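Going down the list, the sequences are from chains A and B.
Numbered per the UniProt record's numbering, the first sequence spans residues 1 to 432.
Numbered per the UniProt record's numbering, the second sequence spans residues 1 to 688.
Positions of the beta carbon are idealized from the N, C-alpha and C atoms, including for glycine.
Fair warning: this is a prediction, and the values are worked out from it, not measured in the lab.
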Amino acid sequence: MWQMVGRRETGRLPPHKFRALLQKTRLYSIELAGHKEIASAHKSGVNSLQQIDATEARYLLSGAADGSVAVYDIEQATAYDHSTRTSKHEALFMVDKRVLNGHLYSVSCVHWYPIDTGIFVTGSFDNFVNVWDTNTTQVELQFNMSKKVYSLSMSTLATTHMLIATGTDDTRIRLCDIASGAFTHTLSGHRDSVWVVQWSTRSEWVLVSGGCDGAIRFWDIRRAGCYQILDQQCSQIGRRPPVLKKSSRTHGREDNLCTKYLNASSPIRQRGQKRSFGISAVDSRTAHYGSVAGLQMTADGLHMISAGTDSRLRLWDVESGCNTLVNYPSTYIRGNKGIQMAVTPDSSLVFTPSLNAILVYDVWSGHSYSSLRGHYDQVNCCAFHPQGQELYTGSNDRKILVWAPRRPIDIDNFDYEDAEQAIKADEDAWSD
Amino acid sequence: MKTETENRGGSSKTKESRLRKEGSSGTKESQLHSLIDVATTSPSDSLDVGLLTSIKYHVRASDDNVRLAHDLLLAKLKKKHSQVRYLVVLLMDELFMRSKLFRTLLVNNFDTFMVFSVGYHVSNPLPPPVNRATALRAKSMEVLEKWNDNFGLHYKPLRLGYEYLRDTLHLQFPNLRQAAAQAEQQKKERELRSQALVLEKYERLKHDFPALSSDIEQTLKQLEECFEILEAEDNGRDASAKESDVKDDDDAEDYEVNSLRRALSQAASKAPVMLETQDNKPIFDTMRDLCKLICHQHSSAIDDWMLVLIRVDTQDRDSRDFLFKRVIDIRNCLSQAKRKCLNLGINIQEHNKDDQEDEIIWEEGGIDNGEASATELAQEAETRKAAVTSIKKDDDLLITQIENLPAATSEFTSGEKSNRSQLLQEAPVLPWGPYLDRWGAEHIVPLNQRGLLLESHWGRVDYDALVPADKVVELNMRASYYTPVKEEIPPCLAPLKNGGLCQRRDLRVCPLHGPIKQRDSNGNVLSSSPDDKALMDGPRKEESSYAGSSTAAVTDMEFVKDIAAKAVANVRAQDATESNKKREKKLLAKRNREHNAAVLREAALANTVQGLGEAIGEELEKYAEPNVGSMRQTKKARKSLRAMLQPKPTAKDRLAERLLNSRANEATVHVLTRDEDAAYREAFANQW
Chain A
1 MWQMVGRRET GRLPPHKFRA LLQKTRLYSI ELAGHKEIAS AHKSGVNSLQ QIDATEARYL
61 LSGAADGSVA VYDIEQATAY DHSTRTSKHE ALFMVDKRVL NGHLYSVSCV HWYPIDTGIF
121 VTGSFDNFVN VWDTNTTQVE LQFNMSKKVY SLSMSTLATT HMLIATGTDD TRIRLCDIAS
181 GAFTHTLSGH RDSVWVVQWS TRSEWVLVSG GCDGAIRFWD IRRAGCYQIL DQQCSQIGRR
241 PPVLKKSSRT HGREDNLCTK YLNASSPIRQ RGQKRSFGIS AVDSRTAHYG SVAGLQMTAD
301 GLHMISAGTD SRLRLWDVES GCNTLVNYPS TYIRGNKGIQ MAVTPDSSLV FTPSLNAILV
361 YDVWSGHSYS SLRGHYDQVN CCAFHPQGQE LYTGSNDRKI LVWAPRRPID IDNFDYEDAE
421 QAIKADEDAW SD
Chain B
1 MKTETENRGG SSKTKESRLR KEGSSGTKES QLHSLIDVAT TSPSDSLDVG LLTSIKYHVR
61 ASDDNVRLAH DLLLAKLKKK HSQVRYLVVL LMDELFMRSK LFRTLLVNNF DTFMVFSVGY
121 HVSNPLPPPV NRATALRAKS MEVLEKWNDN FGLHYKPLRL GYEYLRDTLH LQFPNLRQAA
181 AQAEQQKKER ELRSQALVLE KYERLKHDFP ALSSDIEQTL KQLEECFEIL EAEDNGRDAS
241 AKESDVKDDD DAEDYEVNSL RRALSQAASK APVMLETQDN KPIFDTMRDL CKLICHQHSS
301 AIDDWMLVLI RVDTQDRDSR DFLFKRVIDI RNCLSQAKRK CLNLGINIQE HNKDDQEDEI
361 IWEEGGIDNG EASATELAQE AETRKAAVTS IKKDDDLLIT QIENLPAATS EFTSGEKSNR
421 SQLLQEAPVL PWGPYLDRWG AEHIVPLNQR GLLLESHWGR VDYDALVPAD KVVELNMRAS
481 YYTPVKEEIP PCLAPLKNGG LCQRRDLRVC PLHGPIKQRD SNGNVLSSSP DDKALMDGPR
541 KEESSYAGSS TAAVTDMEFV KDIAAKAVAN VRAQDATESN KKREKKLLAK RNREHNAAVL
601 REAALANTVQ GLGEAIGEEL EKYAEPNVGS MRQTKKARKS LRAMLQPKPT AKDRLAERLL
661 NSRANEATVH VLTRDEDAAY REAFANQW
């Protein structure tokens, strides 16, 4: 550490590199934080977390299975416990079904308004997408989706639209417009319920969705239909996927597929010829053998990581739509809803919930760094705080845990007596 | 080998640590492994103390050993047997409370521990047997709570796990700490309440004390006056003391009590023993009453006061002490008075008894009084003396006894008790029967159609219908039954293979061991037993009687035969003793071997503790250690563990086995159909 500082001082280490190195060392030492604790206000499992409010990166939003939504301040502690030397963060406020038009059933997804923290959006299994005013903690707008809402997303890049993309139990993806309170788009293409939707971090028009049918589709909202379906078999540009004998018999012009890959931005041509079970070859491509449970774009928007119920993680090259074939060790993702993964801003690590633990993988090599254990029930979601290198995870055991790099001892207000006592209490005690 | 298979599924760390240690301390590792193996395979509720100490010793030796123990215990915890898991939890608790490294290791995958010990997860329920599983859960919850209390601050996952079980799953923890605090609180409250009660009593006592004490003093004074009267009667008393007493009455209370005591003591020292006569009976009666009052009322009241004064905790110490002194004084006076009463021979209990006597008379003479019954018997015999002689048909013995009777009675009247008791001992005990009703009665009995007319009936009497005397006697004949003399048949007592003795009881010949002979406690034949001697002597006597009349040759022959027989007997006896000796030797050797094994085992265990194993060498290790030494024990424990898993056959099962098998079914069906058939045939006989 000090060596690094010295090199920075002499100028041998450029500032951005210094920062990256520092962040990396901190990241790899991430563990259950002893100094910070979030007192969960929920009475049941935490389904969804989002803490990156664009302005301050300070407020954590959590939605739980009992229909409640709470907001925590993760910078300013509400209480300090001297015996354990932890700062406690209690909920700033909580809304649940007692509020007018509040969610009745499990809240499956929460999202801050990308511009400021005045608005947040929640989707729930009671078919509604609610738009809340943070200051009055009242529902300002409601969208009835007529099916369970699994996921919603707002684009952080968008300057020309402010659409909420929603994935529901229905096969169609709908885009809700906050300004008008109406649906602007209905995107149909998935053949089963859509568990994840996410706006691209590269283009404000591009939306990615993953569904129970195992397909990941890319949509450009300026055009009709989806323009890309990811195929787990396709791993090289310009190389067509292995052709099955059966399909070659039914389709004479299979070679056309290749051109599609090269010309990624063109919409898919729906072939007139139907296969025996009524689905075209392009349409039946899958990204996972099970359903797609999680999607996470890297910060630069060039790559995307998807998680499926086939216990695999896949890294996709967004531009070409190829499977990069990075081999991640298998995870354990089950359940009947999507999960939230998290990727560090420098796209080096990905955090994936896997049963009771959170697995940490290197994005590019697939190497498993560690598994963060601390939850006693299934973990549903994780959110990464970019500035403090802190990870927040929510689980069915009603806890929101904070994972942080080990903190250097705060010398200014360090109580030696206390520390000594604490050490003494935790020493070996062999009597014989 | 077993270790390998067990830990194959374990973490990679296990293998690493194993590899690391394979070269350096393979034996130690295997020792620890076998120790843990033995400690966790036992059907008992607690860990073996010796094993525990040796495990602790091993684990303490190095950090690697702690890691190894942790891995081994986790692997053991995954066994599908609740008893094993229970013991593992106990062992883990011991290590957890001691080693910091063990704590950190265990806390790292605490959810595994919780799943396998508390069994909260649906997919991982606790394995059978059920009763052990409940014990396991209770124990692990208790342990968890203890850990959380002690180390929850330092280990966050531990705290989180505890909170998860308590708040999310709503499991009921034993909550020992709180329970103890609550008990303490309750105890305190109870004490406070009782203290308040005592205080209240004390206040009341303080208020009432003058009245009560004057009451008692009055009683004492009366008693004293009684004594004085008695003494005056006895006129063995000097006047000065009396005067002083009278004087004292006017003085202060405190002084009075003292003087009273003095007077009492004087009186007690001087008072001669007086007897109750007709003249002083009323005085004695009043004294008795007073004494009773003292015994029953005043002393118990005083005791109560003492208790109150001892237990009360008041600010006003002086008044309490003053009261205390007074009460003690009064008590002493009372006890003195009581003693004096007793000296005079006044007994409250006796008095009470006398009272009872008036009401219930029969209590006086105990029924089972030997003398009384004897006199009654004698009287009866006297009255019947005349009749007795006429009975002729009874046993001879009876007759002689009856003839003896008059003599006995006469002796009794002369007062020779010893003779009478002797006779009583000799007298035969006859079972009761109707013949005793008319013992020796000679008169004829009237009769009507209802039967014999007995005395004291109010009906008509027909004097013609009579039963003659000889008929009556015939009717009254005593019937006695033969009861064989019970004689215990001695057991055969021949030695058995298993070391015991044959317990068959046969008269002459045991079917297994031949003719029954007298044997000593080891089963050896007593050849010099008197019976045998008699048998041997028999022919010799004959021989000697023969000797005079027959020839010498014959005697020689007999003699030779005798000698031959003796020789044969000798040889056989020798053989028997030899075989006995062999058997004993074998037994001894076996015992020695067992003893040696036990000693070795102990040495081995001690050896693991003190690390002497290396010093002595490998030879000991071959014998020692749970590997070989307690292998049998482990096997036994395994067996019992397996037995725990098997369901016990209930009465229902046994009945079902008997009743629901196919044969029984068929038989039942057969019987039913046959019965039905028969009924049908009977009902519609015309069709057949």
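- Around the beta carbon of A/N396, 16 or more other beta carbons lie within 10 angstroms, which makes this residue buried.
- For A/G338, the nearest beta carbon of chain B is not closer than 8 Å to its own beta carbon.
- An exposed status is given to A/G181, since fewer than 16 other beta-carbon atoms sit within 10 Å of its beta-carbon.
- Scanning its chain for C-beta atoms nearer than 6 Å, with the 5 sequence neighbours on each side dropped, one finds around A/D170 the residues K147, in chain order.
- Residues of chain B whose Cβ lies closer than 9 Å to the Cβ of A/A429 are, in chain order, M97, R98, S99, K100.
- Contacts with chain A (Cβ-Cβ distance below 8 Å) from the segment 106–131 of chain B involve N108, N109, F110, D111, M114, listed in chain order.
- Nearest to B/G119 by C-alpha distance, out of B/I283, B/N175, B/K79, is B/K79.
- A direct Cα-to-Cα measurement between A/M4 and A/L359 gives close to 29 Å.
- Sequence-distant partners of B/R505 (beyond 5 residues in either direction) whose C-beta falls short of 6 Å from its own C-beta, in its chain, are I489, P491.
- Non-local beta-carbon contacts of B/L526 in its own chain, meaning distances under 7 Å to residues more than five positions away in sequence, involve Q518, R519, D520 in chain order.
- The segment 120–129 of chain A and the segment 161–169 of chain A touch, with three or more beta-carbon pairs separated by less than 8 Å.
- Annotation: A/T344 to A/Q389 spans about 8 Å, alpha carbon to alpha carbon.
- Taking 8 Å as the CB threshold, A/K36 stays off the interface with chain B.
- Residue state for A/H89 is assigned as strand, using DSSP reduced to three classes.
- Boundaries of the alpha helix (DSSP H) harbouring B/F324: 317–343, taken from the DSSP string.
- Around the beta-carbon of A/H16, fewer than 16 other beta-carbon atoms lie within 10 Å, marking it exposed.
- When CB distances to chain A are screened at a threshold of 7 Å, the residues of the segment 154–174 of chain B falling below it are H154, K156, P157, L160, G161, Y164, T168, in chain order.
- Per the Cβ contact rule, the segment 35–53 of chain A is in contact with the segment 82–98 of chain A (3 or more Cβ pairs under 8 Å).
- Nearest in C-alpha terms to A/K97, of all of A/N127, A/S108, A/D66, is A/D66.
- In terms of Cα proximity to B/I346, the closest of B/P282, B/F322, B/K325, B/L660 is B/P282.
- Separation of A/T352 and A/I339 (C-alpha to C-alpha, rounded to the nearest whole angstrom) is 9 Å.
- In the DSSP assignment, A/R373 is bridged to A/A357.
- Per DSSP, B/K80 lies in no alpha helix (DSSP H) and is assigned neither H nor E.
- In the DSSP assignment, A/S203 falls outside any alpha helix (DSSP H) and carries neither an H nor an E.
- Closest in alpha carbon position to A/V149, among A/N336, A/C226, A/E9, is A/N336.
- Under the Cβ criterion of 8 Å, B/R60 is counted among the residues facing chain A.
- For A/N356, the neighbours in chain B by C-beta distance under 7 Å run, in chain order, D111.
- Under the three-state reduction of DSSP, B/H70 is assigned to helix.
- Taken in chain order, the complete beta strand (DSSP E) segments of 3 or more residues contained in the segment 21–58 of chain A are 30–32, 36–38, 46–50.
- Contacts with chain B (Cβ-Cβ distance below 7 Å) from the segment 17–34 of chain A involve L32, G34, listed in chain order.
- For B/W432, there is no enclosing beta strand (DSSP E), since its DSSP letter is neither H nor E.
- Here DSSP, grouped into helix, strand and coil, assigns A/Y392 to strand.
- The closest CA to that of A/V99, considering only A/W132, A/E75, A/H82, is found on A/W132.
- Interface residue (Cβ-Cβ distance to chain A less than 8 Å): B/F151 is classified as such.
- Setting aside the 5 residues that flank it on each side, A/W205 is surrounded in the same chain by D220, I221, R222, each with a C-beta closer than 7 Å to its C-beta; the list follows chain order.
- The beta carbon of A/S311 sits closer than 7 Å to those of S330, T331, Y332, I333, all from its chain and outside the five residues before and after it, given in chain order.
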